[in-house]
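Numbering (UniProt numbering), first residue to last: 1 to 141. Every residue gets a Cβ at the ideal spot worked out from N, C-alpha and C, and that includes glycine. Since we're looking at a predicted model, the values are computed, not measured. Here the structure comes first, spelled out in C-alpha cells, and everything after it is commentary.
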C-alpha cells in the first residue's frame, strides 16, 4: 500500500508512503522531527535557528546523509572530536555524506533558519522523535 500524507509531526514508518520531502522540510519548525522510521533506515527533517548548530556529534554505527533544503550553513567533519579538518559552506541543494564513526557539526551561518533533511542507516533516533529545540534534545525529550 502507498500512502500520501500532509504535514504532521507523526512518524509514518514503517508504512509505505510518498511525500514531498522539500515541502515537509520547509514547513517543519522543530529542531528535529522523525518523518519516517523503518527497521534499517530513518529520515528526519531539521530546522536549525539563526546562530544555531547541530552540535559536534558522531554516530558510531550509522551512516548519515544530510540535504540542505533552505538557508546557509557550514559543515565541519573530521575523524577526531577536536580535529574537524574538513569545512565547507552549504546552501540549498547541497548534500553531505558522513560515514559511521566520523565526527561532524553543521552550523547555521545565514540570516534565516537552516532547513535540512537527514537520512540515517540504521536509524539513530527512536521512532516518533520530535525535539522542538536543541535544548529539548539535550534533556532527553
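In this structure, residue 64 lies near residue 97, with their beta-carbon atoms less than 9 Å apart. For secondary structure counted as the alpha helix (DSSP H) over 4 or more consecutive residues, the stretch 21-87 holds these complete runs in sequence order: 21-27. No Cβ-Cβ contact shorter than 9 Å links residue 15 with residue 119. Rounded to whole angstroms, residue 56 and residue 11 show a C-alpha spacing of 25 Å.
Judged by pairs of C-beta atoms under 8 Å, the stretch 33-53 touches the stretch 120-133, as three or more such pairs exist.
By the criterion of at least three beta-carbon pairs nearer than 8 Å, the stretch 82-91 is not in contact with the stretch 127-138. Counting C-beta pairs closer than 8 Å gives three or more between the stretch 17-29 and the stretch 65-74, which meets the contact rule. Taking the CA atoms as reference points, residue 127 sits about 28 Å from residue 78. Rounded to the nearest whole angstrom, the C-alpha separation of residue 62 and residue 100 is 5 Å.
The Cβ neighbour count for residue 104, taken over all protein chains shown within 10 Å, is at least 16; the residue is labelled buried. Following the DSSP letters along the chain, one finds residue 115 inside the beta strand (DSSP E) bounded by residues 114-121. Rounded to whole angstroms, the gap between the alpha carbons of residue 108 and residue 17 is 31 Å. Between the C-alpha atoms of residue 52 and residue 13 there is a straight-line separation of about 28 Å. Across the structure, residue 49 and residue 116 are spaced so that their CA atoms are roughly 11 Å apart. When C-alpha distances from residue 74 are compared across 140, 114 and 136, the shortest belongs to 114.
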